[in-house]
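Undergrad: As they're listed, the protein sequences go chains D and U. Here the first sequence is numbered in numbering that gives the first Met the number 0, starting from 0 and rising by one per residue. Here the second sequence is numbered in numbering that gives the first Met the number 0, starting from 0 and rising by one per residue. For each residue, glycine too, the CB sits at the ideal point set by N, CA and C. Below you will find the structure I want to go over with you.
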Amino acid sequence: MSIYWSVLTVLLLLGITAPTALAFGFAGASAARSRIAPISWLGRGYVAVVRGVPDIAFFLFFVIALDQVIEATRHHVLCPDWVEPIRQGSDFVVCQAAKMPLGNAPQWVHESYGFAIAVFTFAIVFGAFAANVIQGAMAAVPRGQIETGESYGMTSRQTFWRILVPQMWVYALPGLSNLWMVLIKATPLLFLLGIQDIVYWARELGGIKTSRFTDYPHGDWRMWYFLALLVFYLIFTRVSEITLERLMARLTRGQATTAGEAQRKAGTI
Amino acid sequence: MNACVQTITDYGLRAIGIGKRLLPREDFTLCEQFTLIGSGMIWNVYFGVLALIAGFGFATLLALGKASNIKVIRKPSEWFIFLFRGSPLFIQFFFGYFLFLKLKTVFPIFAPFTAAWLGALVVLFFNTSAYTAEIFYGALRSIPKGDIEAADAYGLSGWTRFKRVIWPTMLRLAWPAYTNEAIFLFHATTLVFFSGFPAWQQRGDALYYASYFADKTFNPFIPYPILAGYFILLTLCVIGLFSIVNRRLNRHLPANTRQRLRIRPNLIR
Numbered sequence: 000m001s002i003y004w005s006v007l008t009v010l011l012l013l014g015i016t017a018p019t020a021l022a023f024g025f026a027g028a029s030a031a032r033s034r035i036a037p038i039s040w041l042g043r044g045y046v047a048v049v050r051g052v053p054d055i056a057f058f059l060f061f062v063i064a065l066d067q068v069i070e071a072t073r074h075h076v077l078c079p080d081w082v083e084p085i086r087q088g089s090d091f092v093v094c095q096a097a098k099m100p101l102g103n104a105p106q107w108v109h110e111s112y113g114f115a116i117a118v119f120t121f122a123i124v125f126g127a128f129a130a131n132v133i134q135g136a137m138a139a140v141p142r143g144q145i146e147t148g149e150s151y152g153m154t155s156r157q158t159f160w161r162i163l164v165p166q167m168w169v170y171a172l173p174g175l176s177n178l179w180m181v182l183i184k185a186t187p188l189l190f191l192l193g194i195q196d197i198v199y200w201a202r203e204l205g206g207i208k209t210s211r212f213t214d215y216p217h218g219d220w221r222m223w224y225f226l227a228l229l230v231f232y233l234i235f236t237r238v239s240e241i242t243l244e245r246l247m248a249r250l251t252r253g254q255a256t257t258a259g260e261a262q263r264k265a266g267t268i
Numbered sequence: 000m001n002a003c004v005q006t007i008t009d010y011g012l013r014a015i016g017i018g019k020r021l022l023p024r025e026d027f028t029l030c031e032q033f034t035l036i037g038s039g040m041i042w043n044v045y046f047g048v049l050a051l052i053a054g055f056g057f058a059t060l061l062a063l064g065k066a067s068n069i070k071v072i073r074k075p076s077e078w079f080i081f082l083f084r085g086s087p088l089f090i091q092f093f094f095g096y097f098l099f100l101k102l103k104t105v106f107p108i109f110a111p112f113t114a115a116w117l118g119a120l121v122v123l124f125f126n127t128s129a130y131t132a133e134i135f136y137g138a139l140r141s142i143p144k145g146d147i148e149a150a151d152a153y154g155l156s157g158w159t160r161f162k163r164v165i166w167p168t169m170l171r172l173a174w175p176a177y178t179n180e181a182i183f184l185f186h187a188t189t190l191v192f193f194s195g196f197p198a199w200q201q202r203g204d205a206l207y208y209a210s211y212f213a214d215k216t217f218n219p220f221i222p223y224p225i226l227a228g229y230f231i232l233l234t235l236c237v238i239g240l241f242s243i244v245n246r247r248l249n250r251h252l253p254a255n256t257r258q259r260l261r262i263r264p265n266l267i268r
């Protein structure tokens with residue numbers, strides 16, 4: 000039963016992470032464009048730092064670091080009279096009330112906490128890449144379009160929301176769809192974060208010597224489970240490719256690009 | 000200071016099985032962490048360099064295959080590229096490992112393939128070939144028509160035309176993207192010991208040791224930045240080598256029109 004759950008977990012992760020990362024990316028790109036210097040630095044700094052660090056090291060590092068930061072903060076707020084240091088040699092000690100989630104919390108709280116941290120990590124990392132794409136897309140919108148808006152007397156906020164943002168998507172989509180493909184392929188890393196996803200189950204169910212399934216009447220099937228996973232990801236990739244192609248065709252309609260022009264001509268003939 | 004020299008002689012080549020058998024268990028010093036993680040880098044460099052060299056030749060063949068007009072050659076190349084680019088490397092490692100385990104029981108000749116040094120290398124080789132082939136294919140398609148017409152006008156054809164005109168131009172066009180692929184491949188080598196392939200006698204790569212220290216000390220803030228530092232150094236070396244080749248490939252162009260290498264960090268594959 001749990002294996003079906005795990006497929007759902009992966010889909011859920013994609014479903015939550017993609018919009019969140021997009022929001023992070025949008026915020027990052029808008030911040031980087033800002034005319035107020037500190038905000039602009041913040042946006043640029045976020046993109047530069049996250050993109051510069053090697054991939055899975057970030058995932059491994061960030062999850063533990065985030066967990067410890069949360070616990071340490073709660074520790075300082077909830078147990079102010081605790082005198083011993085948090086780091087005792089090689090141990091990380093916080094008071095009982097600061098444990099996240101609480102030690103007596105039910106199992107599902109633990110699981111969803113882990114899941115939330117995973118989603119947050121994915122969103123931060125992919126947000127930085129999305130911010131980079133969106134930043135480029137915003138710069139690619141022809142200057143004339145914005146000038147037209149200004150000549151109609153729009154404020155800079157209005158040109159941003161009414162002209163720049165609607166037009167930027169067509170330039171951002173190739174980069175974003177690339178990112179989506181990478182995001183699909185990054186989901187097995189959930190396994191590294193200790194969540195019982197499909198990779199975990201493929202290993203468990205297929206193996207012979209696992210404690211929980213010793214009475215399974217078959218040998219080592221892990222190879223076939225992983226083959227199934229491989230095919231699952233391939234199909235997923237292919238379906239996404241086709242969907243994104245359609246979306247691109249839809250977004251191109253009426254745009255001032257070569258493809259948009261070609262579409263217009265094809266329509267009139 | 001002397002203690003550190005002693006540590007380096009003890010653990011400097013630990014990753015390839017030379018030196019002390021037991022890893023340090025407590026009271027980890029900074030020196031030990033630097034030495035062991037650095038020792039693990041031997042494997043990252045080994046996998047990266049060999050997969051890159053072998054992958055280069057195979058990728059050229061695959062790219063030519065994908066660009067071919069003959070369906071029998073084109074289809075397998077397309078499928079190979081789609082298979083390895085469309086699925087996560089993580090799953091490929093798992094699948095490869097269990098496939099080799101299975102094959103070992105039938106043909107004993109596959110025994111060395113279940114060890115990381117050969118099995119993971121094969122998987123990485125196929126993977127980087129597929130990614131590189133796609134880059135080379137794109138470059139093949141964007142060779143200026145005039146270059147080929149000029150070659151025809153000089154009476155070059157077949158192998159000579161390929162060797163003197165098509166191949167160098169393809170390399171020149173593909174080089175910036177290929178540099179990114181190389182950097183990306185080195186980052187991907189960290190996945191080897193995190194997936195199916197076991198680290199025999201605790202001979203692992205840099206990330207293996209970094210996560211060993213993070214597990215033992217509960218402190219991710221030391222080993223992972225060390226790992227990141229090593230990878231930044233490695234990346235700088237790769238960039239240095241590749242830009243020498245880039246200069247050689249573009250030596251006929253005037254200095255101000257040469258395209259510079261632009262480093263665009265990638266995510267998980």
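In terms of alpha-carbon separation, which member of U:S38, U:N126, U:L226, U:L206 lies closest to U:G11?
TA: For the residues U:S38, U:N126, U:L226, U:L206, the minimum Cα distance to U:G11 belongs to U:S38.
Undergrad: Quick check: what's the CA-CA separation for D:T236 versus U:K65?
TA: Looking at the two C-alpha atoms, the distance is approximately 20 Å.
Undergrad: Are three or more beta carbon pairs between the region 114-133 of chain D and the region 26-37 of chain D nearer than 8 Å?
TA: Segments in contact, yes.
Undergrad: So, does the CB of D:A64 fall closer than 8 Å to a CB anywhere in chain U?
TA: D:A64 counts as touching chain U.
Undergrad: Quick check: is the beta carbon of D:F225 nearer than 8 Å to any beta carbon in chain U?
TA: Judged by the 8 Å Cβ criterion, D:F225 is in contact with chain U.
Undergrad: Since U:T189 and U:N43 should fall inside the 8 Å C-beta cutoff, what is the C-beta to C-beta distance between them, to a whole number of angstroms?
TA: With 8 Å as the limit, U:T189 and U:N43 qualify as a contact, their Cβ atoms being about 7 Å apart.
Undergrad: Which residues in chain U have a C-beta closer than 8 Å to the C-beta of D:Y232? List them in chain order.
TA: By Cβ distance, chain U contributes G85, S86, P87, I90.
Undergrad: Candidates U:P222, U:W199, U:F230, U:V237: which alpha carbon is nearest U:R13's?
TA: If we check each option's Cα against that of U:R13, U:W199 comes out closest.
Undergrad: So which residues on chain U does D:F60 lean against when the C-beta distance must stay under 7 Å?
TA: Those are P219, Y223, listed as they occur along chain U.
Undergrad: Could you tell me whether the region 18-34 of chain U touches the region 200-219 of chain U, where touching means 3 or more Cβ pairs closer than 8 Å?
TA: Touching, yes.
Undergrad: What is the rounded straight-line gap between the Cα of D:T154 and the Cα of D:A22?
TA: So the alpha carbons of these two residues sit roughly 23 Å apart.
Undergrad: Closer than 6 Å by C-beta to D:F212: which residues in its own chain qualify, once you throw out the five before and the five after it? Chain order, please.
TA: Interpretation of D:F212 is limited by its pLDDT of 45, a score under 50 that renders its predicted location unreliable; the figure taken from the coordinates is listed afterwards. Nothing meets the Cβ criterion.
Undergrad: For U:F217, name the three-state secondary structure that DSSP assigns.
TA: Correct three-state label for U:F217: coil.
Undergrad: Using 8 Å as the threshold, is the region 70-81 of chain D in touch with the region 161-169 of chain D, meaning 3 or more CB pairs across them?
TA: Short answer: they don't touch.
Undergrad: Check each residue of the region 173-190 of chain D: if its Cβ is closer than 7 Å to any Cβ of chain U, include it; give the result in chain order.
TA: If the cut-off is 7 Å between Cβ atoms, the region 173-190 of chain D has V181, K184, A185, P187, L188 near chain U.
Undergrad: Apart from the five residues just before and just after D:P173, which ones in its own chain have a Cβ nearer than 6 Å to its Cβ?
TA: Answer for D:P173: no residue qualifies.
Undergrad: Taking 8 Å as the threshold (beta carbon to beta carbon), is U:L252 in contact with chain D?
TA: No - not a single Cβ of chain D is within 8 Å of the one on U:L252.
Undergrad: Let me confirm a value: D:A107 is counted as buried when at least 16 other C-beta atoms fall within 10 Å, else exposed. Which label applies?
TA: The question names Ala, but residue 107 of chain D is Trp in the sequence shown. The residue in question, D:W107, is exposed, as its Cβ has fewer than 16 Cβ neighbours within 10 Å.
Undergrad: Which word fits D:K184, buried or exposed, when buried means at least 16 other C-beta atoms lie within 10 angstroms of its C-beta?
TA: Result: buried.
Undergrad: Comparing C-alpha positions only, which one of D:I234, D:G259, D:F128 sits nearest to D:G42?
TA: Among D:I234, D:G259, D:F128, the Cα nearest to that of D:G42 is on D:F128.
Undergrad: Can you check whether the CB of D:V62 is closer than 8 Å to the CB of D:I116?
TA: Yes.
Undergrad: What separation, rounded to the nearest whole angstrom, lies between the Cα atoms of U:F196 and U:L252?
TA: About 46 Å.
Undergrad: Beta-carbon of D:T236 versus every beta-carbon of chain U: anything under 8 Å?
TA: Yes, contact with chain U.
Undergrad: Could you tell me which of D:V181, D:Y224, D:R263, D:T147 sits nearest to D:G253, measuring between CA atoms?
TA: When each option's Cα is compared against that of D:G253, the closest is D:R263.
Undergrad: Would you report the Cα separation of U:G16 and U:D204, rounded to the nearest angstrom?
TA: If I take the Cα positions, the gap works out to 12 Å.
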